[in-house]
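Numbering (the working numbering), first residue to last: 674 to 854.
Here the structure comes first, spelled out in structure tokens, and everything after it is commentary.
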Amino acid sequence: MDPEEYLDEDLHDISQDVAELVKEFTERVHPLRVALAGVMAMIIIGSLVGAWYWAIPRDSVEINTKYIQRSGHVILIELENSGSRAITDVVFEVEFRDFDNNLIGGYSNEFELIPSHLSIAGDPMELVVRGYTVWDNYTLIIKIDWTDFQGTKNSEVFSHDVGLYAYETFNDECETTTWFL
674 MDPEEYLDED
684 LHDISQDVAE
694 LVKEFTERVH
704 PLRVALAGVM
714 AMIIIGSLVG
724 AWYWAIPRDS
734 VEINTKYIQR
744 SGHVILIELE
754 NSGSRAITDV
764 VFEVEFRDFD
774 NNLIGGYSNE
784 FELIPSHLSI
794 AGDPMELVVR
804 GYTVWDNYTL
814 IIKIDWTDFQ
824 GTKNSEVFSH
834 DVGLYAYETF
844 NDECETTTWF
854 L
């Protein structure tokens, strides 16, 4: 007998044994039990995600910026605390500088408290600069200072070169503070 025939017979026997084991297993395990185990796993995963999002003390500050060239320069900013604890003593500054680092526009806002899962946007967070060409490059500087839920003062500075494109977006994430780190 050819060695390949022995190999084929062995593989056939092994596959028959595996098929028999699978058949026995499926007879013992009811599909309802499998579905229930899947639902329980989803509940556990959902609980962990929910605890991270709502219960575990942390702050997570993000700054979402849109730069648009129209009949001038339009800068739209959203300040977001997606953490589970409030941040306090927030000082937020935006500077729009030309290529020679001259300040040509900017604003500053102060917030006593930004609660958890809240974002601030709208008119107080917008900057419109008119009278400067849209053909040059500029620098957008965003500064934020805040006190986290542990009482620690934090400061971040983000700088973006703009003007190359008519529409740009930036997502700046500040360092996250959690209770166990």
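Yeah, the Cβ is synthetic: ideal placement off N, Cα and C, and Gly gets one too.
At a Cβ-Cβ threshold of 9 Å, residue 787 and residue 767 do not count as neighbours. For residue 706, the uninterrupted alpha helix (DSSP H) run begins and ends at 704-723, by DSSP. In this structure, the straight-line span from the alpha carbon of residue 790 to that of residue 688 is close to 55 Å. Counting only runs that start and end inside the region 781-816, the beta strand (DSSP E) elements of at least 3 residues fall at 791-793 and 799-802. Under DSSP, residue 746 shares a beta bridge with 742 and 802.
By the CB criterion at 9 Å, residue 734 and residue 752 fall inside the cutoff. By the criterion of at least three beta-carbon pairs nearer than 8 Å, the region 830-850 is in contact with the region 809-816.
DSSP places residue 841 in the uninterrupted beta strand (DSSP E) bounded by 840-846. By the Cβ-count criterion, residue 757 is buried, with 16 or more other Cβ atoms from all chains shown falling within 10 Å of its own Cβ. Looking from the CA of residue 841, the closest CA among 732, 793 and 737 belongs to 737. Residue environment: residue 810 is assigned as exposed (fewer than 16 neighbouring CB atoms within 10 Å of its CB, all protein chains considered).
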